[in-house]
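Here the structure comes first, spelled out in structure tokens, and everything after it is commentary.
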Amino acid sequence: MTYAMDGLPTHRRLPDLVVLPGTREELIAVVRLLAALGVPLVPRGAGTGLSGGALADEGSVLLVLTRLNRILRIDRDNRLAVVEPGVVNAKLGAAARPAGLQYAPDPSSQSACTIGGNVAENAGGPHCLKYGVTANHILALEVLLADGSLVELGSPGGESWGPDLVGVFVGSEGNFGIATRITVRLTPLPRAVRTLLADFNGLRTAGEAVSAIIAAGIVPAALEMMDQSCIRAVEDSVYAAGYPRDAAAVLLAELDGHNADAVIAETEAVADLLRKSGARSVRTAASEAERERLWQGRKKAFGAMGRLSRDLVVQDAVVPRSALPQVLETIATIAQHYGLVVSNVFHAGDGNLHPNISFDATDPVLKKKVEAASAEIMQVCIDAGGTITGEHGVGIDKLRYMPLIFDAESLGAMLAVRRVFDPQERVNPGKVVPLHACREWTSIRNAKFGVRSDRASFNSALEPVR
Amino acid sequence: MTILEKVTALLGEGAVLETGTDRVPRVAPGSPDAIALLLGTAHQEGWRVRIEGAGTWLQSDAPADLALTTRRLDRVPAIEPSDLTATAEAGIGLDQLRQQLADRGAWLAIDPPGLAGRTLGSVVSTATAGPLRHGFGPIKDHLLGVTFVTGDGRMVQSGGRVMKNVAGYDLTRLQAGGFGAFGVIVLVHLRLRTLPRADVTYVLEGAREDLTQVGEDIAAAGLTPAALELVSPALARRERWALAVRLAGSPALVAADEAGLGAASGGGRFTPLRAEEAHAFWMRLAEGFSVRPVTFRIGGVPTASDELLDLLQHQLGDEWISASPAAGAIRWTGDTNIDRLQRLRRTLAGLEVPLTLERAPWPLRGAVGHFGAYREGVGPLVAGLRRTFDPGGALVVATEGS
């Protein structure tokens, strides 16, 4: 059961076999063996993904990479680290801290999720507003391709050997191969941090406050929003953060930098903008303990929502920031129409929405309503000029939405790129690109299930790994 | 029918410009669809097409049957100051784009080498970042999405116009720095910033080694300059090497960094430039890289900067050079030959430092290639991507050289 799902409980697949290699060499040997046998494989980190991206069908082997968890190097002078794919995000952060550095991308699951998974999904997080997403922090990769060969992409200085294949690989959801060594960029730990909590009577007002801050040219380290449903779920849980339960929305804004005076000045400017935009109250965390408490509520919000119902659909759309007020209102109308509980907790500064629907999946009528509401919400975001996923990835969960934002030609181009890395489409098959929407899908399916089992290939796969 | 007659029949007389001195017909399609039509035809007819923008950066000398210039794709369909995004066609000059953005209070935080009228498509396809790379990252960090036309005339969209987007594979990053080998960029979605309310430049002159130390001290002090550029005397038109520091952002942040700059100057004295002096300084620096025949960039780790500068000095001479040591980026321009450049690329490859040839006359560019000295396994991937996006080899791009 552990390996039949990822962090999204609405999809389940049972792999034929689960393999947990303990070293890079074991991983390479397994992939070469599977190449010789023509067996599909699905790489997986900690399984915290939210798109069904690391699920393996019958006939596939699940390769769990959590045992490849060594931090190979932290280079303080050049502000980089070299890690294996199974290193947990928060552990890398902790290891960098004594050098005065941080690994900035901080997905909510950072205490469990792995850097390899972050690379596959191009993971984001609250502080990506200022520091950028995973793609902005990967300098170089050693990649194990589906055929068992190794390629080196990028360089420690960040310049590429030719086209930017690191940039192409990051976010490819495991379809292009397995990152076996990852060189990440570290950034200096900010010396001063201020965290604000503002609460609002209306979602629209809170959305407008976000636009006011962005338009003022201030780039907070993070700018997060939670609606009333989310606030109450958090406050009812062990993660209670002291958010006002009667607020329609709260905004959590954080400012950081190297100079305390400058950070204080910008914090005051943001507080002023929040008040002018209609915040009922604005308070600053008075201590590190209070700051951590405010953040715990935000980071554990998904977990707290588990209290609302037995199942949760987690969405991940992005809209232009100025469209936030209107889109939030429309989502509320859709929820009301279907009689569903939608809780919003999201990266407001990036326009990255997470409207989450709590429901009981054993109720078929309710399930149908949730599917219809989800599709409507996604369409609203697309119509506003947005996209279907900002950080969770397409996986299998959002496959059906891909043709809503990409035409057949563009999807065909993606598939063609995938075939350059993995001609047989054996790594993580059935994810990201909906084959039915591409011109070439017939030939693809024929190729996909071709199985090589000749003895020579099998034997060559058992050669010692160099 | 000649190629020119066929193109005229296809796109109309207005799309055909004057023929260049090399007698290659120059065609300026007026829309992305027209580019798709032209390249689709070129693919079928077996024409070889070279891509051009304003013609001010890469030399217009690649052997081809046809030169395709994007200069008529100069519209800016959207500027959204409240979202800090814009959508612009690839053929617009950066100077025009900058002005239109500034009129709306927005800023594209890039300052690529070359003349002010260089096209956006040229900057994106060659990924030529300037000194602002220090504070705002490489060109790819400013892109939200692109639309491009493949060598066989297919129109492909990648990314979108929102801040975060992981829908599908990132073909935007393939195009950024692809030198047109994987298609012709026609439309670019950009990430903007607000115009900085404070923007000042300081310069310190001295021996290169001393200035490198000052640069390290500035980084160690936690200052966050928009640019921290080490410039050779010839390029800076000064007696000695110059360390130029640009501070741009909110008045509070800039004031804090100004205060910290004095403490990190190693006993030297930074001179503030007046606004017009600063503008002239950075513009001269950018234009300097389009004057001499060969320009390339290399990227190493910050601690290798001194060693790399020594290497360049030893192998090629260091008259015209600009380095962003903390970002590990160095750009060189001058005159050199095939053997020297290939030898340098091999030496650098041994140090894990890629050399990207940005511009050079065709005989050198064709022989050395924009890229080369690939790491293990990269060559077949690049070749595969080339075949995917230009199956007939219509686009004349010196990827790996001959």
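Chains A and B are the protein sequences, given in the same order. So the first sequence is residues 69 to 534, counted in our numbering. So the second sequence is residues 71 to 472, counted in our numbering. Cβ atoms here follow ideal geometry from the backbone N, Cα and C, with glycine treated the same way.
At a cut-off of 8 Å between beta carbons, K234(B) contacts chain A. Per the C-alpha coordinates, the member of L465(B), G462(B), T458(B), D405(B) positioned closest to L241(B) is T458(B).
Against chain A, the CB of L244(B) has a partner CB under 8 Å away; the residue lies at that interface. Along the region 191 to 221 of chain B, going in chain order, the ones with a CB nearer than 8 Å to a CB of chain A are A197, G207, P208, K210, D211, T220.
With contacts defined by Cβ atoms closer than 8 Å, L260(B) and L293(B) do not form a contacting pair. Residue environment analysis places K344(A) among the exposed positions, since fewer than 16 neighbouring C-beta atoms fall within 10 angstroms of its C-beta. For A468(B), not one C-beta of chain A is nearer than 8 Å to its own C-beta. The region 193 to 242 of chain A is shown to contain whole beta strand (DSSP E) runs of 3 or more residues at 206 to 212, 218 to 222, in chain order. Proximity of the region 277 to 293 of chain A to the region 216 to 229 of chain A falls short of the contact definition, fewer than three beta-carbon pairs being nearer than 8 Å. The count of Cβ pairs closer than 8 Å, one atom from the region 357 to 377 of chain B and one from the region 428 to 436 of chain B, reaches three, so the stretches are in contact. The C-beta of Q227(B) has 16 or more other C-beta atoms within 10 Å across all chains shown, which makes the residue buried. Between the alpha carbons of G221(B) and T111(B) lies a gap of roughly 10 Å. Taken atom to atom, the span from the alpha-carbon of H415(A) to that of F474(A) is near 24 Å. At a cut-off of 8 Å, the C-beta of D340(A) has no neighbouring C-beta in chain B.
Between L378(B) and I391(B), the CB-CB gap reaches or exceeds 8 Å.
When Cβ-Cβ separations below 8 Å define contact, L323(B) makes contact with chain A. A164(A) and A149(A) have their C-alpha atoms some 8 Å from each other.
Annotation: the continuous alpha helix (DSSP H) that includes T398(A) extends over 392 to 406. Distance from the CA atom of D428(A) to the CA atom of S377(A), rounded to whole angstroms, is 6 Å.
Between N243(A) and D490(A), the C-beta spacing is below 8 Å. In the structure shown, D145(A) falls within a coil segment according to DSSP collapsed to helix, strand and coil. Listed along chain B are A291, G292, L293, T294, A326, D327, G330, each with a C-beta nearer than 9 Å to that of H326(A). With its beta carbon at least 8 Å from every one in chain B, R112(A) lies outside the interface. Residues of the region 409 to 422 of chain B with a C-beta atom less than 7 Å from some C-beta of chain A are E422, listed in chain order.
At a cut-off of 8 Å between beta carbons, I142(A) makes no contact with chain B. For N412(A), the enclosing beta strand (DSSP E) begins and ends at 409 to 414.
DSSP assignment within the region 84 to 123 of chain A yields the following whole alpha helix (DSSP H) runs of 4 residues or more, N-terminal first: 92 to 105. If only complete runs of 3 or more residues are kept, the region 192 to 274 of chain B shows the beta strand (DSSP E) at 213 to 219, 225 to 229, 254 to 261, in order along the chain. In this structure, DSSP gives I464(A) a state outside helix and strand, which the three-state scheme calls coil. For the region 391 to 462 of chain B, the continuous alpha helix (DSSP H) assignments of 4+ residues that do not extend past its boundaries occur at 408 to 420, 432 to 438, 448 to 459, in sequence order. Exposure of K436(A) is indicated by the presence of fewer than 16 other C-beta atoms within 10 angstroms of its C-beta.
Under the 8 Å criterion on CB atoms, G235(A) is classed as interfacial with respect to chain B. Near chain B, meaning a CB-to-CB distance below 7 Å, no residue of the region 346 to 374 of chain A qualifies.
Residue contact with chain A for A443(B): present (Cβ-Cβ distance below 8 Å to some residue of chain A). Contact of F427(A) with chain B is not assigned, every C-beta pair being separated by 8 Å or more.
A137(B) is positioned such that its CB atom lies closer than 8 Å to that of V97(B).
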